[in-house]
Amino acid sequence: MVSHKLHEEWCVKLGIPREICREVNVLIDIKCRKHDVGRREKFVYAGAGGIRIPIVGKGRRYVGKTVKGVPIRMMYVDVEDLIKCLKRFYGDTIPDSVVKSAILHHFLDEIKNILENQKVSLNAKEIIDEVARRLELLKRFNQRAFHEVYIFLQNNVQRVVESVLKEIE
Ligand SMILES: [Zn+2]
């Protein structure tokens, strides 16, 4: 995961009050009772025989491995889960700043995932685009906020990717 220091730094740069940034990062990583609420890993069935490969909870072991060209460890977005959690803390109308902080959180974490696991080398701009593709379902949460976060990251693409890269190792 990306450190909360870095999550907070970019969140504040996005124009969100520091207190909100802090709160949302803690909610997503800890308080919602699962880590990174809104992003989950899914089971992948190997081959036509459907042998279930138990990957959930096993973490890094399967990173980058494939079965017949299909990555074993895949991520999917669970918008409902994320919304449910945020509503518990903020009520039915989730403030805009909270929505944006949450979307940014997932973008930064996925940028790190790509930097750690990429097999083909993508440039910084392509990494942001790839993350936007992976997280596309978050548009259901709030399309305008998603777009705003995406544009913000594109405008700061080099600095964002370099700052995440520094946290690897
Ligand atoms: Zn996280």
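All residue numbers for the sequence shown refer to our numbering, where the first residue is 7 and numbers rise by one.
Ideal Cβ placement from N, Cα and C applies to all residues, glycine included.
No experiment lies behind these values; they were computed from the predicted model shown.
Query                                                                                            : Result
N- and C-terminal bounds of the alpha helix (DSSP H) containing Q124                             : Neither: Q124 is in no alpha helix (DSSP H) and is coded neither H nor E.
Sequence ranges, beta strand (DSSP E) only - wholly within the stretch 80-148, length at least 3 : 80-83
Exposure label - N119; buried when at least 16 CB within 10 Å                                    : buried
DSSP three-state assignment for R45, whether helix, strand or coil                               : strand
Which of helix, strand or coil DSSP assigns to H13                                               : helix
Test item: CB-CB of F113 and V137 under 7 Å                                                      : yes
Y96 versus E29, H10, W16, L141, residue with shortest Cα-Cα distance                             : E29
CA-to-CA distance, L20 to E154, given in whole angstroms                                         : 9 Å
Proximal residues to K100 (C-beta, below 7 Å), its chain only, five neighbours per side dropped  : The residue you asked about is not Lys; residue 100 is Ile in the sequence shown. These residues qualify, in order along the chain: L92, K93.
Cβ-heavy atom distance, M81 to ligand 1, below 6 Å                                               : no
Best match in A151, Y82, D135 for proximity to I252 [C-alpha to C-alpha]                         : In the structure as shown, the chain starts at 7 and stops at 175, and residue 252 therefore has no counterpart that could be examined.
Cα-Cα separation, C38 to R165                                                                    : 30 Å
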